[in-house]
Amino acid sequence: MNANIWVIDDDDSIRWVLERALNRAGLDVRGFESADSAWSALEAGDNPDTILADVRMPGLNGLDFLARLREQPDPPPVIIMTAFSDLESAVSAYQTGAFEYLPKPFDLEEAVGLVQRALQARRESLSSGSAAESAAPTALIGEAPAMQELFRAIGRLSRSNITVLVNGESGTGKELVARALHQHSPRASQPLIALNTAAIPKDLLESELFGHERGAFTGASQGRKGRFEQADGGTLFLDEIGDMPFDLQTRLLRVLSDGTFYRVGGHTPIRVDVRIIAATHQNLEDRVAAGLFREDLFHRLNVIRIQVPALRDRPEDIPLLVRHFMQEAARDLGVDAKVMRPEVMAELQAMRWPGNVRQLENTCRWLTVMASGREVHLEDLPPELRTQPARTGSTQEGPAQPAHDWTSDLAEQARAHWRTGSRDLLSVVQPQFERTLILEALNVTDGHRQQAAALLGWGRNTLTRKIQELGLDQPETH
């Protein structure tokens, strides 16, 4: 007997394409245009093996449907679909008990694979559960696959107090990740205390972390709590942990081991309950190999590791981030938000952004102040950006070279075509044009269709259809 899959979505086209794809995979599918009608079917005794449900629908929404379903004995796994692919949607889905979170637009192969994994989990165990409640919004923004995976990781950790190590280049938003982890944890009502270990002089860092007693050193006229005591019951975020002096690493290891420490100059042990989230832009394995970081401390911190992607690896998120930062800057400065011309947005997406999201945010603030008109033109960009090498170009430093004017070549070819008396030029040129761009995008991405589609501004399904139409089918790189 085939597995029974329910698809709940008020969008007829979504139901139709999912039903066809799942049928081809040998699964029985039943579609519902509302969660209310699906709930009526459940009450009538129908029992699906897996459910795909949209978040936003008239009447009962997907998350409320899921919450109600989770109160029933042996509920089937539910995959939550949403066009609102952001951190809050992902966390809410996991916290309500979703098996997985599927942002729209999705790849049909991915959706079918997800359903099959849910069915496998259902077969292996008829009970499961996950996560807690959404808190204040953060500026973690992104629809790129790497950001969706980051949101999923935060969602999966939302009921945990486990130690997390956040890796990522400077400016990628590691502190935002730490704040999101705290805000979506059982400790959300308790303090989050942050300390950049690279920004504190070595001789003051011990006192900053552990506090000191009166008279512990010259100028210590009264006792002071350190960051560990301030964070008791909550979370301590240690940024740039790779720069911590070696002797302080030993003291930190002791606190992580037994939860106790002494203030500087103190003789009474202090016990704290603190969750540690550490972050670094460095490779700690290399620091360990070089004798600069304790191996035992590394293993204490490296319980769960989260990688924050560099901005150059998610150019499709730049328009979202630009709109957010331009609106934020305009609000702070009390002016109207400026708008990027399409060619400016394309230029921003092509840049390497060595300073990552922080550099992009600063650029948006600069443009809000310095660009003269309501629209931002290429000549409005800061001078240092206009000479920055392109993201996909040469890695050598230096000003970007102007692109060859291919439009004049195209115009000449068009005139030559028409001189022969031929007509219907677009029907000849357009397939050649698309074929050239598709092959080049696949070449640049080593055959990865998802990445190639992003470069072309298409969804993966559109690229697959074009490849088939143009006879370009080739084995895909996974």
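Note that the working numbering has the sequence shown beginning at -15, numbered continuously upward. All C-beta atoms, glycine included, are put in the ideal place defined by N, C-alpha and C.
Taking DSSP as the reference, what is the three-state secondary structure of Met131? Here residue 131 corresponds to residue number 147 of the sequence shown, with the count starting at 1. Of the three classes helix, strand and coil, the one that applies to Met131 here is helix, per DSSP.
Does DSSP put Gln291 in a helix, a strand or coil? Reading the sequence shown from its first residue, position 307 is the one you call residue 291. It is a strand residue.
On the DSSP letters alone, give me the boundaries of the beta strand (DSSP E) that Phe16 sits inside. For the purposes of this step, residue 16 is taken as the residue at position 32 of the sequence shown. Looking at the DSSP string, the run of the beta strand (DSSP E) that includes Phe16 is 12 to 16.
Please give me, in chain order, every unbroken run of the alpha helix (DSSP H) with length at least 4 that falls completely inside the stretch 412 to 459. 433 to 440, 444 to 453
Using 8 Å as the threshold, is the stretch -7 to 0 in touch with the stretch 37 to 44, meaning 3 or more CB pairs across them? Because the criterion of three Cβ pairs below 8 Å is met, the stretch -7 to 0 and the stretch 37 to 44 touch.
Quick check on DSSP: helix, strand or coil for Arg74? One-based indexing of the sequence shown puts residue 74 at position 90. Checking the displayed sequence, the identity of residue 74 turns out to be Ala instead of Arg. Three-state DSSP puts Ala74 in a helix.
What's the gap between the Cα of Ala130 and the Cα of Pro293? Within the sequence shown, numbered from 1, the residue matching residue 130 stands at position 146. Within the sequence shown, numbered from 1, the residue matching residue 293 stands at position 309. In this structure, the straight-line span from the alpha carbon of Ala130 to that of Pro293 is close to 7 Å.
For Gly443, which residues of its own chain have a beta-carbon under 7 Å away from its beta-carbon, when the five flanking residues on both sides are left out? The residue given as residue 443 occupies position 459 in the sequence shown. Within the same chain, Gly443 has close Cβ partners Pro89, Ala437.
Considering only residues of the same chain and omitting the five flanking positions on each side of Gln434, which have a CB-CB separation below 6 Å? In the sequence shown, residue 434 corresponds to position 450, counting from 1. So the qualifying residues of the chain are Arg444.
Neighbour-count burial assignment, Arg289, 16 or more Cβ in a 10 Å radius: By 1-based counting over the sequence shown, the position of residue 289 is 305. The residue in question, Arg289, is exposed, as its Cβ has fewer than 16 Cβ neighbours within 10 Å.
Among the candidates Gly226, Ala178, Arg247, Ile225, whose CA atom is the shortest distance from the CA of Ala215? Residue 215 sits at position 231 when you count from the first residue of the sequence shown. Among Gly226, Ala178, Arg247, Ile225, the Cα nearest to that of Ala215 is on Ala178.
State the DSSP-derived secondary structure class of Asp242, mapped to helix, strand or coil. Within the sequence shown, residue 242 is the residue found at index 258, counting from 1. Residue state, collapsed to three classes: helix.
Kindly indicate which residue of Glu153, Glu94, Leu236, Gly218 has the alpha-carbon position closest to the one of Glu192. Sequence index remark: in the sequence shown, residue 192 carries index 208 (1-based). Among Glu153, Glu94, Leu236, Gly218, the Cα nearest to that of Glu192 is on Leu236.
Are the stretch 353 to 363 and the stretch 316 to 330 touching by the rule of at least three beta carbon pairs closer than 8 Å? yes
Buried or exposed: where does Ile146 fall if 16 or more other Cβ atoms within 10 Å of its Cβ makes it buried? Along the sequence shown, read from residue 1 onward, the residue named residue 146 stands at position 162. With fewer than 16 other Cβ atoms within 10 Å, it is exposed.
At which residues does the alpha helix (DSSP H) containing Ala263 begin and terminate? The sequence position of residue 263 within the sequence shown is 279, counting from 1. Run containing Ala263: none in the alpha helix (DSSP H); it sits in the beta strand (DSSP E), 259 to 264.
For Phe194, report the span of its alpha helix (DSSP H) as first-last. Translated into the one-based positions of the sequence shown, residue 194 becomes position 210. It spans 186 to 194 - the alpha helix (DSSP H) in which Phe194 sits, taken as one unbroken run.
Under the DSSP definition of a beta bridge, which residues are partnered with Thr156? Indexing the sequence shown from 1 puts residue 156 at position 172. DSSP output for Thr156 lists no bridge partner at all.
My understanding is that Ala200 touches Gly249, with C-beta atoms under 8 Å, so please give their C-beta distance in whole angstroms. Within the sequence shown, residue 200 is the residue found at index 216, counting from 1. Within the sequence shown, residue 249 is the residue found at index 265, counting from 1. About 3 Å separates the beta carbon of Ala200 from that of Gly249, a gap short enough to meet the 8 Å contact definition.
Which of helix, strand or coil does DSSP assign to Ala19? One-based indexing of the sequence shown puts residue 19 at position 35. Helix.
Measuring alpha carbon to alpha carbon, tell me which residue in Asp364, Lys450, Gln311, Ile302 is nearest Arg336. By one-based count along the sequence shown, residue 336 stands at place 352. Nearest of Asp364, Lys450, Gln311, Ile302 to Arg336, Cα basis: Ile302.
Mind checking which residues open and close the alpha helix (DSSP H) that includes Ile302? Taking the first residue of the sequence shown as position 1, residue 302 is located at position 318. Unbroken alpha helix (DSSP H) run through Ile302: 302 to 317.
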